[in-house]
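What follows is a set of notes on a single structure, which appears directly below.
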Amino acid sequence: HNGTFVVREHPKAGSIREARNAPHFRGTPTSMPATAPDRGEHSDEIVASLGLDASALRAEGVIF
Numbered sequence: 008h009n010g011t012f013v014v015r016e017h018p019k020a021g022s023i024r025e026a027r028n029a030p031h032f033r034g035t036p037t038s039m040p041a042t043a044p045d046r047g048e049h050s051d052e053i054v055a056s057l058g059l060d061a062s063a064l065r066a067e068g069v070i071f
């Protein structure tokens, strides 16, 4: 195994196997980026930053 793939824990999918970052230099540690956010995970923060009411938009089916 040459370290091409790593196993990560995803909050909903469990263990997933994926390719690691391509550049791999000794003495320069790399970190894997975070997993993709769930649908609507950041909706409240984004909508609030725009001065809108997340509850009303969610009730109308505009956001998740």
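Heads up, the sequence shown stops at 71 in our numbering, and the numbers go up one at a time, no gaps.
Ideal Cβ placement from N, Cα and C applies to all residues, glycine included.
Distance between beta carbons of residue j and residue i, contact taken as under 8 Å
i	j	result
residue 23	residue 15	6 Å
residue 12	residue 26	6 Å
residue 54	residue 61	4 Å
Residue nearest to residue i in terms of C-alpha spacing, selected from the options
i	options	result
residue 71	57, 45, 58, 59	45
residue 17	35, 9, 39	39
residue 47	58, 35, 64, 37	64
residue 66	56, 57, 51	51
Alpha helix (DSSP H) segment containing residue i, residue limits
i	result
residue 70	That residue, residue 70, is in no alpha helix (DSSP H); it is neither H nor E in DSSP.
residue 52	50-56
Residue range of the beta strand (DSSP E) that includes residue i
i	result
residue 22	21-26
residue 15	12-17
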